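Chemist: There's a structure below that I have some questions on.
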Amino acid sequence: MKGKGWERWAAVLMVLPSIILIAIFVYGFISWTGYVSLTKWASTAPDYTFVGLANYQRILFGAGIETQRFYIDIRNFVGFTSLFLFSCIVLGFGLALLIDSRIRGESFFRSVFLLPFAISFIVTGVVWRWLLTPGTPELGSTGVNKLFEYIGLGFFKPRWFTDPTVFYIADNTALGGFLNQIGLSFVTNPNWGISVGTFSLVLAATWQLSGYVMALYLAGMRSIPHELREAARVDGANEYQIVRYIYIPLLTPITLSVVIILSSISLKLYDLSVSMTGVGPGFATDTLAFNMFETTFKATRFAQGAAIAVILLVLVSVLIIPYLRYSLRSETTQ
Amino acid sequence: MTTETALAREATTEVAGRRGYFNWWRILLYAIAIIFTAYYLLPIFLMVLTGLKSYNEINLYEMWSLPRQLSFQSFIDAWVGSPSVAGLGRNFVNSLRVAIPATLISAILGAMNGYVLSKWKFRSADIIFPLLLFGMFIPYQSILIPLVTTLNALRIGGSLEGLTFVHIVYGIPVCALIFRNYYATIPNEMIEAARIDGANFFSIFTRIMLPLSAPGFVVVAIWQFTNIWNDFLFAITVTNNPANQPITVALNNLAGSFTVEWNVQFAAALIAAAPTILLYILLGPFFVRGLMAGSLKG
Numbered sequence: 004m005k006g007k008g009w010e011r012w013a014a015v016l017m018v019l020p021s022i023i024l025i026a027i028f029v030y031g032f033i034s035w036t037g038y039v040s041l042t043k044w045a046s047t048a049p050d051y052t053f054v055g056l057a058n059y060q061r062i063l064f065g066a067g068i069e070t071q072r073f074y075i076d077i078r079n080f081v082g083f084t085s086l087f088l089f090s091c092i093v094l095g096f097g098l099a100l101l102i103d104s105r106i107r108g109e110s111f112f113r114s115v116f117l118l119p120f121a122i123s124f125i126v127t128g129v130v131w132r133w134l135l136t137p138g139t140p141e142l143g144s145t146g147v148n149k150l151f152e153y154i155g156l157g158f159f160k161p162r163w164f165t166d167p168t169v170f171y172i173a174d175n176t177a178l179g180g181f182l183n184q185i186g187l188s189f190v191t192n193p194n195w196g197i198s199v200g201t202f203s204l205v206l207a208a209t210w211q212l213s214g215y216v217m218a219l220y221l222a223g224m225r226s227i228p229h230e231l232r233e234a235a236r237v238d239g240a241n242e243y244q245i246v247r248y249i250y251i252p253l254l255t256p257i258t259l260s261v262v263i264i265l266s267s268i269s270l271k272l273y274d275l276s277v278s279m280t281g282v283g284p285g286f287a288t289d290t291l292a293f294n295m296f297e298t299t300f301k302a303t304r305f306a307q308g309a310a311i312a313v314i315l316l317v318l319v320s321v322l323i324i325p326y327l328r329y330s331l332r333s334e335t336t337q
Numbered sequence: 032m033t034t035e036t037a038l039a040r041e042a043t044t045e046v047a048g049r050r051g052y053f054n055w056w057r058i059l060l061y062a063i064a065i066i067f068t069a070y071y072l073l074p075i076f077l078m079v080l081t082g083l084k085s086y087n088e089i090n091l092y093e094m095w096s097l098p099r100q101l102s103f104q105s106f107i108d109a110w111v112g113s114p115s116v117a118g119l120g121r122n123f124v125n126s127l128r129v130a131i132p133a134t135l136i137s138a139i140l141g142a143m144n145g146y147v148l149s150k151w152k153f154r155s156a157d158i159i160f161p162l163l164l165f166g167m168f169i170p171y172q173s174i175l176i177p178l179v180t181t182l183n184a185l186r187i188g189g190s191l192e193g194l195t196f197v198h199i200v201y202g203i204p205v206c207a208l209i210f211r212n213y214y215a216t217i218p219n220e221m222i223e224a225a226r227i228d229g230a231n232f233f234s235i236f237t238r239i240m241l242p243l244s245a246p247g248f249v250v251v252a253i254w255q256f257t258n259i260w261n262d263f264l265f266a267i268t269v270t271n272n273p274a275n276q277p278i279t280v281a282l283n284n285l286a287g288s289f290t291v292e293w294n295v296q297f298a299a300a301l302i303a304a305a306p307t308i309l310l311y312i313l314l315g316p317f318f319v320r321g322l323m324a325g326s327l328k329g
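Those protein sequences? They're chains A and B, same order as listed.
Counting in our numbering, the first sequence runs from 4 upward without gaps.
Counting in our numbering, the second sequence runs from 32 upward without gaps.
What follows is the structure, given as structure tokens:
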């Protein structure tokens, strides 16, 4: 709409308060955090003495506990994200196909599958912590382990998030030996593994968010023209081929959104770890976001916390900025 | 003749065969649907089940057994509190006192921003809109330190008003996005017709856009209310006095306390989840529309 002169001013004035707030509270504050990360501030009293990149150096290349914890968080992020993406995409896509196959009561099933999305991570964490509390050998199993007992799987007694084990490719295995030979010996190390605790977090997070993925896929499936499927059927395609050659290619943009949104959720994961497992044995269920919060507000090492926050922001931006550009561009070409 | 019958028979067997296959396939689909219904409802079922048991039936090793007599004691303890821990009742009220005003103001700001961004694209709007949207994806850890410092300087740190303000500010991007996409569906011809009748910038907003905005307001309200109610990070950072904490923080404290029985924790978790579950059950379709907007698929 092109208006008279005053109307253009009125339009700008109407959005100006919001723009100013975002400019200050998002961009101003990000710069401020960036500046804090270059200072000495390490107690409740602010100290803006400039120290350059020292905080980043200590986190990334130091020899202390903060460096160890940082790389464990990265390891946990990689492990968690791969399992979480895999389970949410498989489950979300599968359930969307199920709902799309016009079963009776589809709106009931759809609502049930999406219900956990309305609940906070804190509630999810509290409930799943008790569901995954393994019990003791003396007194018997509790939680889901008890359910395994009821259905005759009593021998399966995982210790869930209380298990400090980290799965990794050990030196003395065939694969480990091979990796050592080709010069990848750094991989055969618990820092490149996946902690058992991660599986518990994945289970709870998948419970909460797979329905959301289903809803996104379902919306995509409903927008595939019916004629396309009918034409394929007339040409003799079976259901598997329709999914493989029509659904999956046409739903690629949705899969891309899902990968980006879920990865950014897992980078920011904090509430679930806090309420469900804490940092876990040997930081098995720690996350970068959790680390930032504890470093800043518990240990009051503000500058170091700010440095972790900046690293976190960079990682999220690498995912989100290309995605925003892509989304907005496809919007204008529509 | 014989070939014809053979063909006909083949056709019938094929149909019959397919129908048989079809039935088994359907039964399998329902079985899968029911298994996953159990998976998604199990934690909620367990919360209700535990909450309804009387105290002498509370036994971690009998977690899954049905209550022999009904009792609401766990819910009462979770709400009112016990000698060892404060109840969640006041925190429930705190959450309402933050979520309701923040949701209302967010929705009004969202309608204003959405109106301008969809119908009065000024120069540089193409630069400002992506910058605005980026604000909804940032990890809030990257603004927490300045946020706490600023709120304290403004003397609203630690208060419910401070937390309400924070939710309004960081809700601006998503609300603008939802309203922008919603207003984009209102045809421009309608506005042009009104302009010919002499309507201006403000009267178009108040007489045309707002009367058509009810569904947009519902979507934004549900989305914001749910997000604010479920928020933990801002709540724990901004409010450190237990009397001022929203329910998610109180629930986390209660669950982390070793003196609180697990049945009270479950009852508390159910109380904390109830308002958003209720909204979802009552207004599900609007909820789904907000969710689509949240992933930029308007």
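Cβ coordinates follow ideal geometry from the N, Cα and C atoms, glycine included.
Model, not experiment: these values are computed from the prediction.
List, in order along the chain, the chain A residues whose C-beta lies closer than 7 Å to that of residue 67(B)?
Modeler: The contacting residues are 98, 116.
Chemist: Less than 7 Å between the CB of residue 284(B) and some heavy atom of the ligand SAH, yes or no?
Modeler: The model depicted lacks the ligand SAH and carries no ligand whatsoever.
Chemist: Do you know how far the Cα of residue 308(B) is from the Cα of residue 322(B)?
Modeler: Roughly 15 Å separates the two Cα atoms.
Chemist: Could you compute how far the alpha carbon of residue 313(A) sits from the alpha carbon of residue 173(B)?
Modeler: Between residue 313(A) and residue 173(B), the C-alpha separation is close to 6 Å.
Chemist: Of the choices 314(B), 214(B), 301(B), whose alpha-carbon is the least far from that of residue 103(B)?
Modeler: Of the listed residues, the one whose Cα sits closest to residue 103(B) is 301(B).
Chemist: When you compare the CB of residue 274(A) with every CB in chain B, is at least one pair closer than 8 Å?
Modeler: At least one chain B Cβ lies under 8 Å of residue 274(A).
Chemist: Which ranges would you report for the alpha helix (DSSP H) in the region 207-245 of chain B if only whole runs of at least 4 residues count?
Modeler: List check, alpha helix (DSSP H) in window: 219-227, 232-235.
Chemist: So which of 232(B), 236(B), 161(B), 90(B) has the shortest CA-CA distance to residue 6(A)?
Modeler: Out of 232(B), 236(B), 161(B), 90(B), 232(B) has the C-alpha closest to the C-alpha of residue 6(A).
Chemist: Based on the DSSP secondary-structure assignment, which residues constitute the bridge partners of residue 84(B)?
Modeler: Paired residues: 101(B).
Chemist: In chain order, what residues of the same chain have a beta carbon less than 8 Å from the beta carbon of residue 268(B), not counting five sequence neighbours either side?
Modeler: Hits under 8 Å: 175, 178, 179.
Chemist: Could you give the DSSP three-state label for residue 144(A): helix, strand or coil?
Modeler: Three-state DSSP puts residue 144(A) in a strand.
Chemist: Do the region 78-97 of chain A and the region 174-184 of chain A meet, that is, are 3 or more Cβ pairs less than 8 Å apart?
Modeler: Cβ pair count under 8 Å is below three, so no.
Chemist: Considering only the beta carbon of each residue, do residue 149(A) and residue 94(B) sit closer than 8 Å?
Modeler: The answer is yes: Cβ separation under 8 Å.
Chemist: Can residue 310(A) and residue 40(A) be called in contact, C-beta distance under 8 Å?
Modeler: Closer than 8 Å, so yes.
Chemist: Take the Cβ of residue 198(B) as the centre, count every other Cβ of all protein chains shown within 10 Å, and call the residue buried at 16 or more, exposed below.
Modeler: Residue 198(B) should be labelled buried.
Chemist: If contacts are defined as beta-carbon pairs under 8 Å, then residue 203(B) and residue 140(B) qualify, I think. What distance do you get, rounded to the angstrom?
Modeler: The Cβ separation is near 6 Å, so the contact holds.
Chemist: Is there a Cβ of chain B sitting closer than 8 Å to that of residue 215(A), yes or no?
Modeler: Yes - at least one Cβ of chain B is within 8 Å of the one on residue 215(A).
Chemist: Would you grab the beta carbon distance between residue 90(A) and residue 209(A) for me? Rounded to a whole angstrom, and I think it's under 8 Å.
Modeler: Indeed, because the Cβ distance is near 5 Å, the residues count as touching under 8 Å.
Chemist: Assuming residue 315(A) and residue 291(A) form a contact by the criterion Cβ under 8 Å, report the distance between their Cβ atoms to the nearest whole angstrom.
Modeler: Residue 315(A) to residue 291(A), Cβ: 5 Å. Contact.
Chemist: Flag this pair as yes or no: are the beta carbons of residue 297(B) and residue 82(B) separated by less than 8 Å?
Modeler: It is a contact, given that the beta carbons lie within the stated cut-off.
Chemist: For chain A, find out if any of its Cβ atoms is closer than 8 Å to the Cβ of residue 319(B); answer yes or no.
Modeler: Answer yes: the Cβ-Cβ gap between residue 319(B) and chain A drops below 8 Å somewhere.
Chemist: According to DSSP, which residues form a beta bridge with residue 197(A)?
Modeler: BP columns for residue 197(A) point to 170(A).
Chemist: So with Cβ pairs under 8 Å, would you call residue 233(A) a contact of chain B?
Modeler: Judged by the 8 Å Cβ criterion, residue 233(A) is not in contact with chain B.
Chemist: Looking at C-beta atoms only, is the number of pairs between the region 197-217 of chain A and the region 87-102 of chain A that lie closer than 8 Å three or more?
Modeler: Judged by Cβ distances under 8 Å, the region 197-217 of chain A makes contact with the region 87-102 of chain A, as three or more pairs qualify.
Chemist: Consider the Cβ of residue 315(B): report whether some Cβ of chain A lies at a distance smaller than 8 Å.
Modeler: So yes, residue 315(B) belongs to the interface.
Chemist: Using 10 angstroms around the beta-carbon of residue 58(A), count the other beta-carbons present and answer buried if the total reaches 16, otherwise exposed.
Modeler: By the neighbour-count rule (16 or more Cβ atoms within 10 Å), residue 58(A) is buried.
Chemist: Going along the chain, which residues of its own chain have a beta-carbon closer than 6 Å to the beta-carbon of residue 132(A), five neighbours each way excluded?
Modeler: Only 279 meet the Cβ criterion.
Chemist: Name the residues in the region 114-139 of chain B whose C-beta lies less than 9 Å from a C-beta of chain A; which are they?
Modeler: Listed by position, the residues of the region 114-139 of chain B near chain A (Cβ gap below 9 Å) amount to none.
Chemist: Give the single residue among 238(B), 209(B), 246(B), 299(B) whose Cα lies nearest to the Cα of residue 149(B).
Modeler: The residue with the shortest Cα to Cα distance from residue 149(B) is 209(B).
Chemist: Name the chain A residues whose beta carbon is nearer than 7 Å to that of residue 216(B)?
Modeler: Those within 7 Å of residue 216(B) in chain A number zero; the least Cβ separation is about 13 Å.
Chemist: Going by C-alpha distance, which of 290(B), 289(B), 277(B), 291(B) is nearest residue 303(B)?
Modeler: Nearest of 290(B), 289(B), 277(B), 291(B) to residue 303(B), Cα basis: 277(B).
Chemist: Check this for me: beta carbons of residue 195(A) and residue 78(A), under 8 Å apart or not?
Modeler: Yes; because the gap between Cβ atoms is below 8 Å, this pair is in contact.
Chemist: Taking only beta-carbon positions, decide if residue 131(A) is within less than 8 Å of chain B.
Modeler: So, interface residue.
Chemist: Can you give me, in chain order, the residues of the region 20-35 of chain A that have a beta carbon less than 7 Å from any beta carbon in chain B?
Modeler: Cβ contacts with chain B: 21, 22, 24, 25, 28, 29, 32, 33, 35.
Chemist: Considering only the beta carbon of each residue, do residue 265(A) and residue 88(A) sit closer than 8 Å?
Modeler: Yes, the Cβ-Cβ distance between residue 265(A) and residue 88(A) is below 8 Å.
Chemist: I want to verify the contact list: residues of chain B whose CB lies under 9 Å from the CB of residue 119(A), in sequence order.
Modeler: Ordered by position in chain B, the residues that pass the 9 Å Cβ test against residue 119(A) are 71, 74, 75.
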